[in-house]
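In what follows, a single structure is set out as structure tokens and then discussed.
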Amino acid sequence: MGAVKTKRMPRAVREQQMLDAAVRTFGQRGYTAASMDEIAELAGVSKPLVYLYLNSKEDLFTACIRREATALTEAVRAGALPGLPADRQLWSGLTAFFTHTARHPDGWAVLHLQARTHGEVFAAEVAAMRAEIVAFVTQLILAAAREAHRDPDLPEREVSGLAEALVGAAESLADWANATPGVTARQSAATLMNFAWAGLGDLMAGRRWTPPDDSEPDIGGTGATDATGAQTGRTSPVR
Numbered sequence: 151m152g153a154v155k156t157k158r159m160p161r162a163v164r165e166q167q168m169l170d171a172a173v174r175t176f177g178q179r180g181y182t183a184a185s186m187d188e189i190a191e192l193a194g195v196s197k198p199l200v201y202l203y204l205n206s207k208e209d210l211f212t213a214c215i216r217r218e219a220t221a222l223t224e225a226v227r228a229g230a231l232p233g234l235p236a237d238r239q240l241w242s243g244l245t246a247f248f249t250h251t252a253r254h255p256d257g258w259a260v261l262h263l264q265a266r267t268h269g270e271v272f273a274a275e276v277a278a279m280r281a282e283i284v285a286f287v288t289q290l291i292l293a294a295a296r297e298a299h300r301d302p303d304l305p306e307r308e309v310s311g312l313a314e315a316l317v318g319a320a321e322s323l324a325d326w327a328n329a330t331p332g333v334t335a336r337q338s339a340a341t342l343m344n345f346a347w348a349g350l351g352d353l354m355a356g357r358r359w360t361p362p363d364d365s366e367p368d369i370g371g372t373g374a375t376d377a378t379g380a381q382t383g384r385t386s387p388v389r
């Protein structure tokens, strides 16, 4: 009966079953320690069938990366509801990100840990996904700047850096949240919004933090003054 079920199951369904088993195995055991025998057993198929469908361990791992990357990217885009203010879009997008990574910890481990440490080909797959998310966040920040100022003093290169920092913080926070019992996706998103959006909000309002002038003494921790007498090393209006 088992053999009959294997033959009658549609190829696409069977392949997803294999990918489910592979993501779980790679995520929990790591790429190197995972074996095709273990993946086949977990999927309820023979090892030759896994090779028939997915060619090799490397190709199977690549297929896992692509599937999990697509799912995460789609979740973030679907979560950031259009038509809302930029901060609300970012909030909903972050909530979707943390919800997805919490619900799929093995998939997140494949993307954030395993794929990045087992060869350039695998790392490039994840880099492409990350670049797409960074570009999406960059556009959200630019939209917020346009809403706040008709002619915002925010160069796109700087906005891209802000987006990179925000995505990097989200990645680290997702690792922490998945390893810390009781932390919800909403709590993780709120933590990052409180950490990041307060600063972004200042930028949107035209208040920029400027670094101190290293050539001037910083007596008493009050911040050095620039040539105009304005204090640096703290938030100040953008000019």
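Taken in order, the sequence shown gives residues 151 to 389; the numbers are from my numbering.
By construction, the Cβ of each residue, glycine as well, lies at the ideal position given by its N, Cα and C atoms.
Computed from a predicted model, the values in this text were never measured in an experiment.
Looking at the backbone, the Cα of Gly229 and that of Arg164 are separated by about 29 Å. In this chain, the alpha helix (DSSP H) harbouring Pro198 covers Lys197 to Leu204.
In this structure, the straight-line span from the alpha carbon of Leu199 to that of Met159 is close to 13 Å. Between Val333 and Ile283, the CB-CB gap reaches or exceeds 9 Å.
Scanning its chain for C-beta atoms nearer than 8 Å, with the 5 sequence neighbours on each side dropped, one finds around Glu188 the residues Thr175 and Arg179, in chain order. Shortest Cα-Cα distance from Gly233 to any of Glu308, Ala293, Ser338 and Ala213 involves Ala293. Across the structure, His262 and Gln167 are spaced so that their CA atoms are roughly 22 Å apart.
Note that the C-beta distance between Ala313 and Ile291 is below 9 Å. For Val226, the enclosing alpha helix (DSSP H) covers residues Lys207 to Gly229. Counting only runs of 4+ residues, the alpha helix (DSSP H) found wholly inside the stretch 158 to 186 occupies 161 to 179, in chain order. Per DSSP, Leu240 is one residue of the alpha helix (DSSP H) stretching across Ala236 to Arg253.
Beyond the five residues adjoining it in sequence on each side, Val195 comes within less than 8 Å, by CB distance, of Thr156, Arg164, Gln167 and Met168 in the same chain, given in chain order.
The stretch 240 to 248 and the stretch 338 to 346 touch, with no fewer than 3 CB-CB distances between them shorter than 8 Å. Here DSSP, grouped into helix, strand and coil, assigns His262 to helix. In this structure, the beta-carbon distance from Tyr203 to Arg161 falls below 9 Å.
If you draw a straight line from the Cα of Ala219 to the Cα of Ala274, it is about 12 Å long. The continuous alpha helix (DSSP H) containing Thr341 extends over residues Ala335 to Leu342. In the DSSP annotation of this structure, Ala346 is not part of any alpha helix (DSSP H), being labelled neither H nor E. Per DSSP, reduced to three states, the secondary structure at Thr330 is coil, with no helix or strand assignment. Sixteen is the threshold: when 16 or more other Cβ atoms of the shown chains lie within 10 Å of the Cβ of Thr288, as they do, the residue is buried.
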